[in-house]
Each structure stands twice: as structure tokens, then as C-alpha cells.
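Heads up: the structure comes next, in C-alpha cells.
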Amino acid sequence: MPLSPLEADALCALDAVELAARLRRRELSAREVVAAHLDRIERVNPALNAIVTLDAEGAARAAARADERAASGAELGPLHGLPIAFKDTHLTRGMRTTHGSPLFADHVPDEDELLVQRIESAGAIRVGKTNVPEFAAGSHTFNTVFGATRNPYDTTRSAGGSSGGAAAALAARLTPIADGSDMGGSLRNPASFCNVVGLRPTPGRVPALPSGDVWETLAVAGPMGRTVADTALLLSVMAGPDPRSPLSLEVPDPAAYRAPLERDLTGLRVAYAPDLGGRVPVDPEVRAVVDRQAAVFADLGCRVAEDCPDLDGAEHAFRTLRAHAFHQGFGPLLDAHRDSLKSSLVQNIEEGVRLTGADLARARGELTRLHLAAVDFFGRYDVLIAPVSQVVPFAVESEYPEIVDGQPQHTYLDWMRSAYLVSALGAPALSVPAGFTPSGLPVGLQIVAAPRAERFVLEVGAAYEAATGHGRHAPAPASS
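In terms of this note's numbering, the sequence shown is residues 3 to 482.
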């Protein structure tokens, strides 16, 4: 008998860890779980535009196969029966991957990306794809193929980006887990805007394949969830080396990420950088929420001091290497299809065209120095806490906020400095819900730890999450 909308919504509200446990105990079937999420997608997604490609029939068939596997007594993967919609920049065999571009509006890959392979091999069931800005360029999710994704907490506002569809789908309980990617905040900003959790891992923790540049360190893939434990569960199947990725990191036991995350924070050395050492303007609404979080850590027994890593050179290094990556990845498209690319993307590619060898050498040198500075900083502090985003979710019709705390933002990247300066450190950064403004808009806290310390930053995030509970505040129904 089909579930009623209320029953479906109750099931969709369960955390991924709880859903996975019930599926493994066969208290729920994959058919029930997938059907409930498809029902909710049908009712809620039209108001949000988070999921832009849907394969309900394929998901139902996959759920039936999952139930048959469970009935046979076969070993079940850690994501058995959990529905997921993959980010529309990640290749999915037999399902269109548009990259948010009209040039790829009908593109159907003949291979799965490595992270898609890993997630589906762990038992997750593909239901569709989530919306992205064109070629994931920018932290507001809109494109000419599907339009804009709206924030579940206020549908007149942006859901962030480039993993905006993923974050909105999570917040609206359309999926229990989501994959994302992050160069300058593309995973953390939407997590902050939508009151969910997102982890930017250390470069190499989650190999990105296929890749046009296996030496890339700024762009990484990472997990998203509604809780830190859900995010850790997904990381446990995404992480691990691959021989084709020379920078990929060994993981002795990936399952360790999904082990209980309890940690006593007494004595933890916490550096608080409310404006990254004066480097970024922060809207007063955001600053007011984030300022209160330092007291939360103090109440948990931490030693909190206002301090910031040395970020000198991070601006130049990030902007230079990003422009180089855009030229490398999209240069041929600029030559052949300039008129089909959004203007900000054209500008970024052209910035890459103008770079010299000296520019790149300087940027690589700065990135090296920043990494060494991060290692030194995290020898003195255990974690850094800072705002994820400098602004609250802005109007969905705007490409980007043009003013932050009275200071003009001249490009669609300027307002993302609180995220992309941290990217240059090469350290894991967790975005976790930090509370709401008086008008009910979400604000995220960025928790950063030493390079390769993913398990540790998840433990700290879980303790903070348990003390605050901000992520438990679901958005009002977008529609019903």
C-alpha cells in the first residue's frame, strides 16, 4: 500500500545513518524508501528546482534489485537503499550530465565518474541529478538550461552554489545524502545557505576521475549531509586512493570515518577568525551569529583565542590557479562557442589566457608557502573557526551580492573570499549549521583542521552539532 504524504515525509526526515540502519535490519525496504523520496520530490521540488533530471522508473527498478539482494542474504553496502541525486557536473553513465550549459543540454555520458561508481557500489540508488551554475562557475546556482535553484528556507533567496541543487535537495528532505565539489566554496557556501553540512576534504582524499589535470589541488569533491555523521558516512565510501590519481591519499580503513564520532573537546585549542584577520568584510547579520559560536566552544571546555593563519598570497594564488584551470578546461569551448558561454565564465577563461609562466610559478610558490604556514598554525591550534559565507542568502534574481558590509564586490568571486582563502591552505574545512538571523536565514560555521585530519574535524563538528542542534530546524514546506 502506498505511503501517504505524511508517512512519506516522516520517512524522508530520517537521517541517512538511521535510514541505512533500518534498511540493513530490513525494517524498511529500499522500495519504500525510494518511493517516499520520489513522492516528496514530486510535491516539493517544483518550488525549488533542486533536482533537474529525474529517473523515477530507473530508481524504482534499482530499489527492487536492492531488496532482492537483501532478501538473498548477500552482503549489503553501507549506503544500501539510500537515494541520491548526483551533482550535474559529475558524469553519470546513461543519464544526462549538462554541466548547466546549453552546449551539453542533451549530453549523455557513456561512463560514470569514479565517485559515482564508489557511491553506487556502496548501495546508493540514483534518482537523478542536482542543479549547478554553468560549469560550476560561481556560488549561485542558475543556468539557461534549467533556471535557478531556490533556497528551501526562503524561496526568494539563493541556495548558493555550485552544489546549490545538492544542498537544497538535502535541506528539503528530497535526498538523505548528496555529493558536492568545491574549489572556492562550491560545497561550503550552499551548505551554509541551506543549513546542512558539507566537507571540503584535503586534496587527494577523494580522487576526481576522469580528470584533465590529475595534479589539480584547488578543486576537490566531497560529501554533504544533514548531519555530520551522515556526511562522514558518505565520505567513508568516497575516500581512498586510485592508481590513476598521483595525489590520492591512502586510507588504511575508510570505514573508520563512519565509526561513532564522539569526542570530548575539553582543552581543545580553537582559533577564532571572524573576518580572517581583517581580510574579508562580513555582513553584521552573519557576524552576530558567528560571534556567538566562539562562546559555544568555550562552554565545551575549549581554549578560544582570536587568531588567524597567515593568508598572505592566498588571494593571488587562488585567483591565478583558478584562471589557469578554467583556461585549461574550457579554452577550447571559448574558441568554438564564445557566444554560448556566460560572460563571467568568458572573463575567467580569458584571465587564464593572459597568464605567463612567471605568474604560475609565483602562484605555486605562494601555495607552497600557505601549506607550510597551515602546518605551522595547526601545530599551535587544533582547529580554526570562521564564517563560511560573508553574507546571508541573497536574492535569487541576483548573480552575486554587490555590497558586503558597505564594501563593493566587483566580481562574482569577491564575496566568496571567506571560503576561497581557506581553500588555498589545502586543509579540510567543514561547513556546519551555526544558527539563523532574526529573519530566519541560515548561517554556517567553518571548522578547519590540519591537512589530512578529516576524521578529527568531523569529530569536532559532531560535538559542536550536538551542543547546538541548529541543523535540526527544518525549513517550512515549500509546497504540499
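Quick reminder that beta carbons are idealized off the backbone N, C-alpha and C, glycines included.
query	result
Three-state secondary structure assigned by DSSP to residue 273	strand
Exposed unless 16 or more other CB atoms sit within 10 angstroms - verdict on residue 345	exposed
Backbone secondary structure at residue 482 - three-state DSSP	Confidence in residue 482 is poor, its pLDDT being 37 and thus under 50, which makes the residue's placement too unreliable to answer from.
The region 157-170 in contact with the region 188-208 per 3-pair CB rule at 8 angstroms	yes
In DSSP terms, what residue 448 is bridged to	388 and 433
Rounded straight-line distance, which links the Cα of residue 131 to that of residue 111	13 angstroms
Classification of residue 187 by the beta-carbon crowding that lies within 10 angstroms, buried from 16 upward	buried
The region 215-231 in contact with the region 197-204 per 3-pair CB rule at 8 angstroms	yes
Backbone secondary structure at residue 192 - three-state DSSP	helix
Cβ-Cβ distance between residue 204 and residue 456 below 8 angstroms	yes
C-beta contact flag for residue 260 and residue 290 at 8 angstroms	no
Beta carbon of residue 391 nearer than 8 angstroms to that of residue 288	yes
C-alpha distance - residue 301 paired with residue 359, whole-angstrom precision	50 angstroms
Residue 317 - DSSP class collapsed to helix/strand/coil	helix
Contained alpha helix (DSSP H) runs [length at least 4] in the region 29-89, N- to C-terminal order	32-50 and 58-74
In chain order, each beta strand (DSSP E) run of at least 3 residues that lies wholly inside the region 176-224	179-184 and 199-202
DSSP-derived helix/strand/coil call for residue 440	coil
Alpha-carbon spacing of residue 429 relative to residue 221, whole angstroms	12 angstroms
First through last residue of the beta strand (DSSP E) which encompasses residue 307	305-308
Residue 160 - DSSP class collapsed to helix/strand/coil	strand
Neighbourhood of residue 158 by C-beta distance below 7 angstroms, restricted to the same chain and skipping five residues each side	397 and 398
Inter-residue spacing [alpha-carbon to alpha-carbon] between residue 123 and residue 79	7 angstroms
C-alpha distance - residue 356 paired with residue 362, whole-angstrom precision	11 angstroms
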